[in-house]
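So the sequences go chain by chain: Z and C.
Those letters in the first sequence? Residues -13 to 208, per my numbering, in order.
Those letters in the second sequence? Residues -13 to 208, per my numbering, in order.
There are 2 protein chains.
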Amino acid sequence: MKYLRLELRYPPALIHPIHRLVDESDAVERDVLLHGSLFDETADTFLFYVEGDVDVYADALRSVDRIREFEITRIDETGFYVFLTQRRDAVDEAMFGSLRRTGVVVVPPIDFRPDGVARLTVLGEQGPLREALAGLPDRIESEILRVGEYDWRQHLFDPGLTERQFDALAAAVDCGYYESPRTASVEEVAERIDAAPSTASEHLRKAESAMMTAFMELRDVA
Amino acid sequence: MKYLRLELRYPPALIHPIHRLVDESDAVERDVLLHGSLFDETADTFLFYVEGDVDVYADALRSVDRIREFEITRIDETGFYVFLTQRRDAVDEAMFGSLRRTGVVVVPPIDFRPDGVARLTVLGEQGPLREALAGLPDRIESEILRVGEYDWRQHLFDPGLTERQFDALAAAVDCGYYESPRTASVEEVAERIDAAPSTASEHLRKAESAMMTAFMELRDVA
DNA sequence: GCTCGGGCGTGAAGTACCTCCGCCTCGAAC
DNA sequence: GTTCGAGGCGGAGGTACTTCACGCCCGAGC
C-alpha cells in the first residue's frame, strides 16, 4: 500500500470561494480541512481549522450560496474551528467520482494554500492510485510531492523504546504500577518481566525518560 | 469544541458479522477502521487495518452479503490492510442519523474489540454531542471514556493531562528530572512550578499515570 | 581478532519520593 | 442557590525506589 502526497492546482474559475479568501485576503492565513463526512445525499459536513480573522471568514461563509449552515468555535487569538454543511456541486462530484472508488482513500488533513493550491494525501495500490489521478478533472493540475509505503502505525506517537523497556512499561501499566496511587510495586513488575527489581526500575526510568522527552518535543513542534 | 472518546457496546444481534470474528475467532486479533468515505448513495468505502489470519478474514468477507468488493494488502506476518465497499443497512443508518448532523464529526480510527465493543472519538460542542449521544439506537450502550477540549494539533497523542500536570511535566523534562539518571529532584520541579514538593510529586505521578496508560491504549489500538 | 558502544542484568546502600490526610477552590449539574 | 466531584495544595512519616559499580552479551567497524 502506497501513499501519495499530492498538490492540486485549481484554475481560477474552479477555486472554491472560501479557498479564494486564503489567496486574496491577508485576513486568513491558514485553512485546513480536518474531517469530512456525508451529511445526506446532496451535501457534506466538514470540520475546518482556520487561522485568521473570524469575522472576515464568517462573512465569506455567509456570502457563499452552497454553504447551508455553519458554526464557529474559537480556540485562541488566531485559531478557530468551523463546522459547515455544504451542498455538493459539479466540481466536487468530478473529484469524488475519481477519488471515491474502491482501493483509494483520501486522508485528512487537506491543506488549502494560496494560488488555488490544495495539498492532501491519498492511499492505495499503485494501479488504483494511477487511475484515480488520471480520472481527475482535466482543468485541475496535480503534482506528486512524495510517494512511499504507507504504515499508519508510523503516524502514531513513538518514543523509541527498546523491547525490554516496552515490556517493563507494559507490565507496569498492566499490574497497576502507574495507578495513582500505585497498586503495584517495582518488585511485581520485576517478577512479571522476570528480572531483578533494580533492572526493572532502570527500564522503567529509561522508558519514562524517553516518553516524557518525546512528548514534550511533540508539543513543541505542534 | 470538545472531543468524546466513546465506547459503544452492540447487542449480539446488531454486531457486524466481521466484528463478530474479532470476538469469536482466535484468527483475528485486531480490527481497526482507519478511514471511511462515501462511495455512493447506498454504500461506503472503508480502509481497515487488521491483525490475524488473512484467509479466515477473506472468507468471512466473502460470506457477508453487504460487502460488495474488497481488496487485501499484506504488510507483514500479522498485519494487513483491507479496502472494502459495503452497502449501508438499517443499523448504519440509525448510527449515521445520530452521528451525522451539523456540529458532530466522527474521527477515525474506530477500534473494534471483542464483546461487540467499538471505540471511537467524536467531536463537537456539548449540546450537539449530547443530542448525538441521546439519539443513538437504544440497544447500543455507550460509555464515555474521556472528555476534553479538542485541539487537532494535539490530537495525535493526548494523555488528557490537566494544566498543572502539564506544567509539572514540562518543568520536570526541562530541568532534567527525566534524565537517566536524574539530574534534578522533585524539589527543583516544585520550585519551578511554585508548589510544595509533595504537590509537584503528585502532579508528576498523575501525569505519568495518564501518559503511560494513554500510551498503552494507543498501542492496543495501533 | 580486537575494540568499542549500547543494551541488559544484579545486589547493596541510602535517601528521595510516595502516600495519606485534611482543606480549599472551581465549575457543572439540578 | 446548593450540591457534588474533580483538581489543586501542603505537612509529616516511613519505605520503596533510585543510584552506582560492575559484568555479560551482541553487533558494528577497523
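Even glycine gets a Cβ: it sits at the ideal position worked out from N, Cα and C.
If you're wondering where the values come from, they're calculated on a predicted model, not measured in any experiment.
For C:Pro123 and Z:Ser166, the gap between their C-alpha atoms comes out near 36 Å. Counting the other CB atoms within 10 Å of its CB gives C:Asp12 a total below 16, which places it among the exposed residues.
For the pair C:Arg60 and C:Met202, the Cα-to-Cα distance works out to about 25 Å. Under the DSSP definition of a beta bridge, C:Leu(-8) partners with C:Leu106, C:Ile130.
Apart from sequence neighbours up to five positions away, the residues of its chain that approach C:Ala157 with a beta-carbon distance below 6 Å are Val175, Arg178, Ile179, ordered along the chain.
Within the region 173 to 195 of chain Z, contact with chain C at the beta-carbon level (separation under 7 Å) is assigned to Arg191, Lys192, Glu194, Ser195. Look at Z:Val91 here: in three-state DSSP terms it is strand.
Distance check between Z:Ala80 and each of Z:Asp41, Z:Glu57, Z:Gly121, Z:Gly110 places Z:Gly121 closest, using alpha-carbon atoms only. Z:Val68 and Z:Thr31 have their C-alpha atoms some 10 Å from each other. Burial check for C:Leu(-10): the Cβ neighbour count within 10 Å reaches 16 or more, so the residue is buried. If you ignore the 5 residues before and after C:Asp153, its C-beta comes within less than 8 Å of the C-beta of Ile179, His189, all in its own chain and listed in chain order. Cβ proximity to chain C below 7 Å picks out Thr31, Leu33, Tyr35, Glu55, Glu57, Thr59 from the region 29 to 60 of chain Z.
Counting C-beta pairs closer than 8 Å gives fewer than three between the region 48 to 57 of chain C and the region 97 to 110 of chain C, which falls short of the contact rule.
Residues of the region 104 to 118 of chain C with a C-beta atom less than 9 Å from some C-beta of chain Z are Leu109, Gly110, Glu111, Pro114, listed in chain order. In this structure, Z:Val50 sits near Z:Pro3, with a CB-CB distance shorter than 8 Å. For C:Val159, the nearest beta carbon of chain Z is closer than 8 Å to its own beta carbon.
Apart from sequence neighbours up to five positions away, the residues of its chain that approach Z:Thr28 with a beta-carbon distance below 7 Å are Arg73, Arg74, ordered along the chain. Secondary structure note for C:Tyr43: its alpha helix (DSSP H) is the uninterrupted segment 40 to 49. Z:Gly146 and Z:Met198 have their C-alpha atoms spaced approximately 11 Å apart. Around the beta carbon of C:Arg116, fewer than 16 other beta carbons lie within 10 angstroms, which makes this residue exposed. Put simply, of C:Lys(-12), C:Val42, C:Leu106, C:Leu7 the residue whose alpha carbon is nearest the alpha carbon of C:His21 is C:Leu106.
Residue contact check for C:Ser171 against chain Z: no CB pair falls below 8 Å. Segment contact: the region -9 to 2 of chain Z against the region 126 to 135 of chain Z, three or more CB-CB distances shorter than 8 Å; contact assigned. A straight-line Cα-Cα distance of about 45 Å links C:Glu111 and Z:Glu173.
For C:Phe66, same chain residues with a beta-carbon under 7 Å away, outside a window of 5 residues either side, are Val36, Val40, Ile58, Thr59, Arg60 in chain order.
Residues of the same chain with a CB within less than 6 Å of the CB of Z:Gly162, apart from the 5 flanking positions on each side, are Thr169, Ala170 in chain order. No Cβ of chain C is located within less than 8 Å of the beta carbon of Z:His2.
Residue state for C:Arg52 is assigned as coil, using DSSP reduced to three classes.
Between Z:Leu85 and Z:Ala118, the C-beta gap is smaller than 8 Å, which places the two residues in contact.
Separation of the CB atoms of C:Leu33 and Z:Leu19 is rounded to 18 Å, and the pair is thereby denied contact status at 8 Å. Of all alpha-carbon atoms in Z:Arg191, Z:Val92, Z:Val14, Z:Leu7, the one lying nearest the alpha-carbon of Z:Ser23 is that of Z:Val92. If you check each beta-carbon in the region 3 to 23 of chain C against every beta-carbon of chain Z, the ones closer than 7 Å belong to Leu20, His21, Ser23.
Less than 8 Å separates the beta-carbon of C:Tyr136 from that of C:Met(-13).
Taking C-beta separations shorter than 6 Å and ignoring five residues to either side along the sequence, the partners of Z:Arg16 in its chain run Glu37, following chain order. For the options Z:Val159, Z:Ala182, Z:Ser187, the alpha carbon positioned closest to that of C:Leu204 is the one of Z:Val159. At least 8 Å separates the beta-carbon of C:Val77 from that of C:Tyr43.
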